[in-house]
Amino acid sequence: MANYIVDHFDDIDAVRCPCGFARRAFARPDNATATVHIVDIQQDSKVHYHKDHTEIYLVLEGEGHIELDGDVVPLRPFTTVLIKPLCRHRAVGHLRIVNICIPPFDPLDEWFD
568 MANYIVDHFD
578 DIDAVRCPCG
588 FARRAFARPD
598 NATATVHIVD
608 IQQDSKVHYH
618 KDHTEIYLVL
628 EGEGHIELDG
638 DVVPLRPFTT
648 VLIKPLCRHR
658 AVGHLRIVNI
668 CIPPFDPLDE
678 WFD
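If you count the sequence shown from 1, position 13 lands on 580 in this note's numbering, and the numbers rise without skipping.
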């Protein structure tokens with residue numbers, strides 16, 4: 568088994584998520600380290616949180632804001648945000664972000680109030 572993984576985002580189908588649509592690299596059973604997502608944030612993103620994983624957002628395109636435990640933080644290209652477990656969050660606006668999930672994203676760790 569190789570000591571690395573290579574994925575190409577243009578080969579990954581987008582899936583619906585609470586924020587919009589995501590393409591998830593490294594999402595496979597043999598990877599317990601992290602996943603990297605390209606997410607197209609839609610205006611209708613939903614407030615949610617994760618009990619077990621941390622997310623790091625890097626804004627690539629667009630402008631808007633992110634709600635973090637009730638605080639509103641403006642977003643623009645090259646803004647980075649580290650979202651710890653249990654932080655209720657949602658991004659608002661039309662944005663394209665890179666989202667790094669540590670440990671890898673698990674749909675069972677998406678929680679809504």
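Heads up, the beta-carbon is just placed ideally off N, CA and C, and yes, glycines get one too.
Chain-order list of residues whose beta-carbon lies under 6 Å from that of residue i (same chain, five-residue window excluded)
{"i": "T646", "result": "V626"}
{"i": "R643", "result": "E630"}
Rounded C-alpha distance that separates residue i from residue j
{"i": "K618", "j": "P671", "result": "13 Å"}
{"i": "H656", "j": "V582", "result": "19 Å"}
{"i": "G637", "j": "A658", "result": "12 Å"}
{"i": "K651", "j": "D673", "result": "15 Å"}
{"i": "F679", "j": "S612", "result": "12 Å"}
{"i": "C586", "j": "Y571", "result": "29 Å"}
{"i": "V573", "j": "C584", "result": "23 Å"}
{"i": "A594", "j": "C654", "result": "23 Å"}
Check whether residue i and residue j have beta carbons under 8 Å apart
{"i": "H615", "j": "E677", "result": "yes"}
{"i": "V603", "j": "A589", "result": "no"}
{"i": "E622", "j": "C668", "result": "yes"}
{"i": "L662", "j": "I608", "result": "yes"}
{"i": "V665", "j": "I605", "result": "yes"}
Segment limits, beta strand (DSSP E) that includes residue i
{"i": "Y624", "result": "621-635"}
{"i": "A569", "result": "Taken as a continuous stretch (DSSP letters only), A569 belongs to no beta strand (DSSP E), as it is neither H nor E."}
{"i": "R583", "result": "582-584"}
{"i": "N666", "result": "656-669"}
{"i": "T646", "result": "No beta strand (DSSP E) holds T646; DSSP gives it neither H nor E."}
Residues of its chain near residue i, where Cβ-Cβ distance is below 7 Å and the 5 sequence neighbours each way are ignored
{"i": "V639", "result": "H632"}
Checklist entry - Counting pairs of Cβ atoms below 8 Å between the region 622-642 and the region 581-599, do you hit three or more? => result For the pair of segments examined, the region 622-642 was found not to touch the region 581-599: the number of CB pairs separated by less than 8 Å stays below three.
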